[in-house]
Amino acid sequence: GQQVMQIPQYQHVQEGEDFTTYCNSSTTLSNIQWYKQRPGGHPVFLIQLVKSGEVKKQKRLTFQFGEAKKNSSLHITATQTTDVGTYFCAPSGGSNYKLTFGKGTLLTVNP
Amino acid sequence: NAGVTQTPKFQVLKTGQSMTLQCAQDMNHNSMYWYRQDPGMGLRLIYYSASEGTTDKGEVPNGYNVSRLNKREFSLRLESAAPSQTSVYFCASNTGYGTDTQYFGPGTRLTVL
Chain A
140 GQQVMQIPQY QHVQEGEDFT TYCNSSTTLS NIQWYKQRPG GHPVFLIQLV
190 KSGEVKKQKR LTFQFGEAKK NSSLHITATQ TTDVGTYFCA PSGGSNYKLT
240 FGKGTLLTVN P
Chain B
1153 NAGVTQTPKF QVLKTGQSMT LQCAQDMNHN SMYWYRQDPG MGLRLIYYSA
1203 SEGTTDKGEV PNGYNVSRLN KREFSLRLES AAPSQTSVYF CASNTGYGTD
1253 TQYFGPGTRL TVL
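Taken in order, these protein sequences are the chains called A and B.
Each number in the numbering used here corresponds to the 1-based position in the first sequence with 139 added.
Each number in the numbering used here corresponds to the 1-based position in the second sequence with 1152 added.
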């Protein structure tokens, strides 16, 4: 599967601050998916990016796919305590229908 | 629809004991997956089944076996549990086509003493 590196591994913010996690690959990705896992919970699909340079928004969350399709980011504006959890990226598509998850970024929010 | 269900939710084993983790989905999905999650390691694929009747190794298959019992059910067996298999195990499923997303079960928290 396609390998990706996620940074940072951990991020602690004050409520109201912004947060960004990055997903980087050394190879060109077909598509990329993002998942969120709340503490004690299971991963839940957030979004999939397919096109070069694509930007998608879900309320306070903004997802980007790089022009070269080698990196992606998730930005949360004005974090809330409900944003706490681990965010994973996972390359998808192409001839490989398996997902290889990044190690994730654990976000904690101080109220 | 229940989605993806897993049993049991929690399990404690002694080294050398065996057990089977059960997974079932009611979404008529073709593909099913078993992952383990350890702190700082993300989700690692143990085995997967692209379709009924097929199974393949993932990234960390040693010490595990799987059975795709039918289209709905995919079980994971630990023949002789070891402390290194202490982990949270997630089952997931999807249609198996191209870019389809995966739906995860609630997980089984396994401790091997």
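All C-beta atoms in this analysis are idealised placements derived from N, C-alpha and C, irrespective of residue type, glycine included.
Limits of the unbroken beta strand (DSSP E) element including residue i
| i | result |
| --- | --- |
| R1196/B | G1194 to S1201 |
| L1230/B | F1226 to L1230 |
| D1190/B | S1183 to D1190 |
| M144/A | M144 to I146 |
| Q150/A | Y149 to Q153 |
| T160/A | F158 to N163 |
| S1236/B | Neither: S1236/B is in no beta strand (DSSP E) and is coded neither H nor E. |
| L246/A | T244 to N249 |
| N1217/B | Y1216 to R1220 |
| V1264/B | T1260 to V1264 |
| V1156/B | V1156 to T1159 |
Burial state of residue i, where buried means 16 or more other Cβ atoms lie within 10 Å
| i | result |
| --- | --- |
| P1160/B | exposed |
| I215/A | buried |
| P182/A | buried |
| I146/A | exposed |
| M1184/B | buried |
| Y256/A | Outside the shown range of chain A, which is 140 to 250, sits residue 256/A, and nothing can be said about it. |
| P250/A | exposed |
| F1162/B | exposed |
| K196/A | exposed |
| L1265/B | exposed |
| P230/A | buried |
| R1188/B | buried |
| T166/A | exposed |
| R1220/B | buried |
| A1233/B | buried |
| A1154/B | exposed |
8 Å Cβ cutoff, residue i in contact with chain A
| i | result |
| --- | --- |
| L1197/B | yes |
| T1172/B | no |
| Y1241/B | no |
| Q1254/B | yes |
| G1192/B | yes |
| P1213/B | no |
| Y1216/B | no |
| G1155/B | no |
| G1205/B | no |
| P1160/B | no |
| G1257/B | yes |
Short CB-CB distance (under 8 Å) between residue i and chain B
| i | result |
| --- | --- |
| H151/A | no |
| P182/A | yes |
| Q142/A | no |
| L200/A | no |
| Q197/A | no |
| G243/A | yes |
| F204/A | no |
| K237/A | yes |
| Q219/A | no |
| F158/A | no |
task = Please specify which runs of the beta strand (DSSP E), each continuous and at least 3 residues long, are wholly inside the stretch 167-239 of chain A, giving them in chain order.
result = Under the rule that a run must span 3 or more residues, the beta strand (DSSP E) segments found entirely inside the stretch 167-239 of chain A read 170-176, 183-188, 194-197, 200-204, 210-215 and 224-231.
ask   = Counting Cβ pairs, one atom from each stretch, are 3 or more of them under 8 Å apart for the stretch 163-177 of chain A and the stretch 196-210 of chain A?
value = Verdict: yes, contact present.
message = Taking 8 Å as the cut-off, does the stretch 1165-1176 of chain B touch the stretch 1192-1212 of chain B (at least 3 CB pairs, one atom from each stretch)?
response = Below 8 Å, too few C-beta pairs join the stretch 1192-1212 of chain B and the stretch 1165-1176 of chain B to call them touching: fewer than three.
Three-pair Cβ contact test at 8 Å for the stretch 155-170 of chain A versus the stretch 215-225 of chain A = The way I'd put it, the stretch 155-170 of chain A does touch the stretch 215-225 of chain A; three or more beta-carbon pairs between them come closer than 8 Å.
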